[in-house]
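Novice: Residue numbers (UniProt numbering): 1 to 94.
Just so it is clear, CB atoms sit at the ideal spot from N, CA and C, and this is done for glycine as well.
Here the structure is a predicted model, which means the values were calculated and not measured.
My structure is below; once you've seen it, I'll send some questions.
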């Protein structure tokens, strides 16, 4: 029977963590960053012919989701980008 590697990406009010083999690590601001890290680690498991499972769990409470969506620096930068979209200030003068 093949062994299994499992990566859980868990959202919390203060960021995202990765749980693997009963240990939690990380401290990512965005789920995408945690996901990319988990995929990179999982690729090593694939080379060892292990089955891989990656899951992403968003926070359950609306206050947690709102904090993740608006409180981080990348979210604030995205809000600035979204507000300037369509004003001709994009790269390339579009």
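Measuring only the C-alpha atoms, how far is residue 10 from residue 49?
Specialist: Cα-Cα distance, rounded: 25 Å.
Novice: My assumption, with CB atoms under 8 Å, is that residue 46 sits in contact with residue 39. Please give the rounded CB distance.
Specialist: About 10 Å; that fails the 8 Å criterion.
Novice: Where does residue 57 fall in DSSP's three states?
Specialist: Three-state DSSP puts residue 57 in a strand.
Novice: From which residue to which residue does the beta strand (DSSP E) around residue 19 run?
Specialist: Counting along the chain, the beta strand (DSSP E) containing residue 19 begins and ends at 15-20.
Novice: Give the range of the alpha helix (DSSP H) segment to which residue 3 is assigned.
Specialist: Residue 3 -> no alpha helix (DSSP H), and no H or E assigned at all.
Novice: Taking only the alpha-carbon atoms, compute the straight-line gap between residue 19 and residue 4 and give it to the nearest angstrom.
Specialist: Computed Cα separation, rounded: 14 Å.
Novice: Counting C-beta neighbours from all protein chains within 10 Å, is the total for residue 13 16 or more, i.e. buried, or is it exposed?
Specialist: Exposed.
Novice: Give me, in chain order, the residues of the same chain whose beta-carbon lies closer than 8 Å to that of residue 57; leave out the 5 immediate sequence neighbours on both sides.
Specialist: Correct list, in chain order: 8, 9, 10, 11.
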